[in-house]
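Protein chains in written order, with the working numbering: chain A, 1 to 354; chain B, 1001 to 1354; chain C, 2001 to 2354. Beta carbons: idealized from backbone N, C-alpha and C, even for Gly.
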Amino acid sequence: MASKNYPSPGRGVTLAGLARRLGGRRIEGDENLRIVGVATLEAGGPSQLGFVRGQPQAAALATSKLGAVIAPEGVACGARPVLRSANPSRDFARISALLHPRPRPPTGVHPRAFVAEDAELDATVSVGPLCSVGAGARIGPRSVLHAGATVADDVVIGADCLLHIGVLVCSGTRIGDRVILQPGCIIGGDGFGYEFDEQGRHEKVPQLGHVVLEDDVEVGAGAAIDRARLGATQIGRGVKIDNLVDIGHNVVIGEDAVLIAQSGVAGGAKLGARAFLMAQSGVGGQVELGDGTFVGARGGVIEDTAPGSRVWGFPALPERAWHRSQAVFARLAELLRRLRRLERHTGIGDEDGK
Amino acid sequence: MASKNYPSPGRGVTLAGLARRLGGRRIEGDENLRIVGVATLEAGGPSQLGFVRGQPQAAALATSKLGAVIAPEGVACGARPVLRSANPSRDFARISALLHPRPRPPTGVHPRAFVAEDAELDATVSVGPLCSVGAGARIGPRSVLHAGATVADDVVIGADCLLHIGVLVCSGTRIGDRVILQPGCIIGGDGFGYEFDEQGRHEKVPQLGHVVLEDDVEVGAGAAIDRARLGATQIGRGVKIDNLVDIGHNVVIGEDAVLIAQSGVAGGAKLGARAFLMAQSGVGGQVELGDGTFVGARGGVIEDTAPGSRVWGFPALPERAWHRSQAVFARLAELLRRLRRLERHTGIGDEDGK
Amino acid sequence: MASKNYPSPGRGVTLAGLARRLGGRRIEGDENLRIVGVATLEAGGPSQLGFVRGQPQAAALATSKLGAVIAPEGVACGARPVLRSANPSRDFARISALLHPRPRPPTGVHPRAFVAEDAELDATVSVGPLCSVGAGARIGPRSVLHAGATVADDVVIGADCLLHIGVLVCSGTRIGDRVILQPGCIIGGDGFGYEFDEQGRHEKVPQLGHVVLEDDVEVGAGAAIDRARLGATQIGRGVKIDNLVDIGHNVVIGEDAVLIAQSGVAGGAKLGARAFLMAQSGVGGQVELGDGTFVGARGGVIEDTAPGSRVWGFPALPERAWHRSQAVFARLAELLRRLRRLERHTGIGDEDGK
């Protein structure tokens, strides 16, 4: 099925050619075998390349019809041609990209799209059906808007960006180069800010800022990044944001940070470079995470962390402390029993603990 | 208001007619009473049917203007006509569906929709305004796309499917029959996968696979299901997915599983048939849940479970163990006091616990 | 950058004028200074106004180029002109709104939008490109639909509402005045309700109701509010809902309640007026929260609460009890050590706790 989505070139590439493109890899077996695509061990055929992570996976080769595999040195793969690699997972990803380039939609503006008169689109841009590009927007070379993407007024998008179907980019957003926006993500909604009026009711605080997505950022499906109250919500170069993540106003995220699915970052928080939020975790408002801070799944951080911290739980504890506490948590009923026995045998205290 | 959304047929159906359509139900009172719709006890009128779950709810009948009710045997409902049912909730749902069929939009492609030339749509398909259907897509009999639904290239949709407003279906997705996609759900975004390049930066792993939604699947508003790296993310027949649920790449979900709102399943996990994830719970990457596994609200499962397991908490514990530990958690301050008293009275240990 | 999104009037307003519009404020320095916009201390220029919360922030004034600031009485701001305020944050928000009004798109229906023939739009309504307005919909004076907003059949929208890009409003929704829908929010998807059929499979329960959003409600990006099974899901006047919040069918939320990002409310729950859900918290099905109930971040409430309750944790505990338990949780490994020492020294019990 994969080949349907991302068709591979007709004639393929020889194993020798693939090895060369990877910067040189040792080949065992027929180096002239032509490979037209990648596949799983289970579904692959004789002109496809598979990927063996280690000896346990290699067992599945017995029944596999794959033409060749990429595997680490030392993993026995039988008589099948093998590309040997110190990093087979990465090499496999690179061969995947090489053999299955994403199909590029035609250049130009689809007749069923709307582009404001004064929007400036590079001649190589592709705008799909039912897209909308607002006044004053600028879109750089080779960027692609798939069907139904909406780019509001005064948005700036760099080169080689990819906006999947139904992406929503609000006014004033600044997007660098090679940014990928997965379907339905929402960039630049208002931050959540209110004052109380004289009657004690909420009065909206204007959110005058915008969102900046630096180069090589990727944002997941349905994720939401709010514009700043003033200035910018700033997502640093190379930051990867997974599905349904929420990022509040004026958040600043350092380079190469990773935010896994359904995590959330409250307004004004700062995440250092290479911070890593596991799934369903959260960072409180104004909290600062040091570079490389790791937050475990479902962790909730409400105090600043030092660089390199590893924390879990809510409120977050250092990783080792949390693991220890969690291990005892699982035995709490036993602890209570033991405590009662001590009380009973010593005659100190009573069942009620008063 | 309900009748505005889902109008009922003008003349209605007699109680006798309703009883027959349910496969035979005992009627108390006037079996010739015409019922044109369903309603709550509070809002209903004399030609509407209500639903009484048990004797406590029946009290509200005193002030109700409803023409008739459906109720279990043995629940006193006064003089009002009653349809007696062993399963009044289900019977009421069926009568609701009978009397209030969803209005069907007109067959054909709305002039303000875009459908690619080579897309194959059954003649009975309905495509609403501002929908987009991509190249090579195929849509089966009687399926409906409401306004603004986007179906990308090479998507296959079966018969009698319902795509609500703003649904996003990415390229290559395979959808069975009678699938319901709630508004704004997102099927087929890229999985979240990266390798590190030679500079230690993230390098995107191509996500070449697709999503399969088998027959009778329903996906909630804003939920996101990622395509596979290779092969398919597979959602089994009858699986029901609630709002804002996230499902990672290559996840496989067995038949009739249920995923309640805001739960998440990380890449490569496998959920057995009839697995049940309560709200805001999560399943870790590659984890396998046995058939019928129940995960309590906010539970997070990071180890495989046996069929029929019931687990809560994070990391998840067996249900009973978690409840016990949680009960003691609520008394931890008391436990500490009792421990200190023991230490004080025995002279063993000190306040610092060193 | 802010001035790009929300341009300020060319000539600006004098400090004296601003003071007057705020209902009278004391000015230090040149009251004739013209202010054209607001800005941060770091980015502002000589014709812009900044905001100093207290003396610590005032230090940044040393290097600031701002023309004037608004500050509480008693905070030393040097020689710079100051507007003195007892509520500088709110006054600053009001000046922001005054100097940077949201740009209003042109009145009328964009030629690339679709509006059903029998929809009734006030002459002052603005409908952007690629919007869709269904049959029987009614939209009141000065309401704005930004690009790609979808309003389904029989929706009623009041005056002065703002629907941002890509908003999805399903059939039958009733929306009051001054309601703001952030981009991509989803109002009126089906509630999540099933019965089991005779084969033990899920059978959909028709969701015949609708959603009511009363005056002054705001709903965040990507948030989802389900329609009722019967009757209405009711969001009270002034309720503020943040991004990616999920609200189930038949939920009733009292006036001025606040639901922070990624929180969720299950079907049939009732939240009293001014209830406050912190981020990533949840409320169980049918649970009733008394007026003013506060639920801490990640709290999960499964039992009714009294008015004014403050609860944390899951299952939720009273705030003080949870804080105490949580404090002991962090020391559980130490507790176990102390318990073991007691057992060892007294000879009561053993390491296994049996």
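Grab me the residues of residue i's own chain with a C-beta within less than 6 Å of its C-beta, minus the 5 sequence neighbours each way, in chain order.
{"i": "residue 2004 of chain C", "result": "Residue confidence for residue 2004 of chain C is low, a pLDDT of 48 falling below 50, so the modelled location carries little weight and cannot support an answer."}
{"i": "residue 1354 of chain B", "result": "Residue placement at residue 1354 of chain B cannot be trusted, given a pLDDT of 46 that sits under 50; what the coordinates show is reported in the next sentence. The answer is none, since no qualifying residue turns up."}
{"i": "residue 2252 of chain C", "result": "2234, 2270"}
{"i": "residue 119 of chain A", "result": "133, 137"}
{"i": "residue 1126 of chain B", "result": "1105, 1107, 1144"}
{"i": "residue 1408 of chain B", "result": "Residue 1408 of chain B lies beyond the stretch modelled for chain B, which goes from 1001 to 1354, so this question has no answer here."}
{"i": "residue 2294 of chain C", "result": "2276, 2310"}
{"i": "residue 1032 of chain B", "result": "1014"}
{"i": "residue 1212 of chain B", "result": "1174, 1232, 1234"}
{"i": "residue 2238 of chain C", "result": "2216, 2255, 2256"}
{"i": "residue 218 of chain A", "result": "180, 240"}
{"i": "residue 114 of chain A", "result": "132"}
The beta strand (DSSP E) with residue i in it runs from where to where?
{"i": "residue 51 of chain A", "result": "48 to 51"}
{"i": "residue 70 of chain A", "result": "68 to 71"}
{"i": "residue 1026 of chain B", "result": "1026 to 1028"}
{"i": "residue 1083 of chain B", "result": "1082 to 1084"}
{"i": "residue 1310 of chain B", "result": "1310 to 1312"}
Start and end of the alpha helix (DSSP H) containing residue i?
{"i": "residue 95 of chain A", "result": "88 to 99"}
{"i": "residue 2328 of chain C", "result": "2319 to 2329"}
{"i": "residue 2340 of chain C", "result": "2332 to 2346"}
{"i": "residue 1021 of chain B", "result": "1015 to 1021"}
{"i": "residue 2058 of chain C", "result": "2055 to 2058"}
So residue i and residue j are in contact, right, with Cβ under 8 Å, and what is the actual spacing, rounded?
{"i": "residue 1226 of chain B", "j": "residue 1248 of chain B", "result": "5 Å"}
{"i": "residue 1222 of chain B", "j": "residue 1184 of chain B", "result": "5 Å"}
{"i": "residue 369 of chain A", "j": "residue 148 of chain A", "result": "Coverage of chain A is limited to positions 1 through 354, which leaves residue 369 of chain A absent and any answer about it impossible."}
{"i": "residue 2158 of chain C", "j": "residue 2176 of chain C", "result": "5 Å"}
{"i": "residue 1280 of chain B", "j": "residue 1268 of chain B", "result": "Going by Cβ atoms, the distance from residue 1280 of chain B to residue 1268 of chain B rounds to 21 Å, so no, they are not a contact pair."}
{"i": "residue 44 of chain A", "j": "residue 66 of chain A", "result": "4 Å"}
{"i": "residue 1274 of chain B", "j": "residue 1256 of chain B", "result": "5 Å"}
{"i": "residue 2057 of chain C", "j": "residue 2076 of chain C", "result": "With 8 Å as the limit, residue 2057 of chain C and residue 2076 of chain C do not qualify as a contact, their Cβ atoms being about 12 Å apart."}
{"i": "residue 1150 of chain B", "j": "residue 1121 of chain B", "result": "Not quite, the Cβ-Cβ distance comes to about 15 Å (not below 8 Å), so this is no contact."}
{"i": "residue 2355 of chain C", "j": "residue 1079 of chain B", "result": "For residue 2355 of chain C there is no data in the structure shown, the boundaries of chain C being 2001 and 2354."}
{"i": "residue 272 of chain A", "j": "residue 289 of chain A", "result": "6 Å"}
{"i": "residue 1074 of chain B", "j": "residue 1047 of chain B", "result": "Residue 1074 of chain B to residue 1047 of chain B, Cβ: 26 Å. No contact."}
For residue i, which residues from the same chain have a beta carbon less than 8 Å from its beta carbon, with the 5 sequence-adjacent residues on both sides left out?
{"i": "residue 2116 of chain C", "result": "2133, 2134, 2135, 2136, 2137, 2153"}
{"i": "residue 194 of chain A", "result": "202, 203, 204, 205"}
{"i": "residue 1328 of chain B", "result": "1335"}
{"i": "residue 2317 of chain C", "result": "2311, 2325"}
{"i": "residue 2220 of chain C", "result": "2182, 2185, 2241, 2242, 2243, 2244, 2245, 2261"}
{"i": "residue 349 of chain A", "result": "343"}
Residues in the same chain with beta-carbon distance under 7 Å from residue i, minus the five sequence neighbours each way, listed in chain order, please.
{"i": "residue 40 of chain A", "result": "50"}
{"i": "residue 346 of chain A", "result": "none"}
In the segment 224 to 308 of chain A, which residue ranges form an unbroken beta strand (DSSP E) of at least 3 residues, counting only runs that do not cross its ends?
Correct list: 224 to 226, 232 to 235.
Could you tell me which whole beta strand (DSSP E) segments of length 3 or greater appear in the segment 1145 to 1221 of chain B?
Residue ranges of uninterrupted beta strand (DSSP E) with 3 or more members, entirely inside the segment 1145 to 1221 of chain B and ordered along the chain, are 1186 to 1189, 1194 to 1196, 1202 to 1204, 1210 to 1213.
Stretch pair the segment 1068 to 1077 of chain B + the segment 1040 to 1052 of chain B: three plus CB contacts closer than 8 Å:
Counting Cβ pairs under 8 Å, three or more are found: they touch.
Does the segment 2091 to 2098 of chain C touch the segment 2021 to 2040 of chain C, meaning 3 or more C-beta pairs lie closer than 8 Å?
The segment 2021 to 2040 of chain C, when compared against the segment 2091 to 2098 of chain C, does touch it at the 8 Å Cβ threshold.
Specify whether the segment 1295 to 1305 of chain B and the segment 1332 to 1346 of chain B touch according to this definition: at least 3 beta carbon pairs, one from each stretch, less than 8 Å apart.
Here the segment 1295 to 1305 of chain B makes no contact with the segment 1332 to 1346 of chain B; the two share fewer than three CB pairs at distances below 8 Å.
Indicate whether the contact test is met: 3 or more Cβ pairs, each with one atom in the segment 2198 to 2205 of chain C and one in the segment 2156 to 2164 of chain C, closer than 8 Å.
No: fewer than three Cβ pairs fall under 8 Å.
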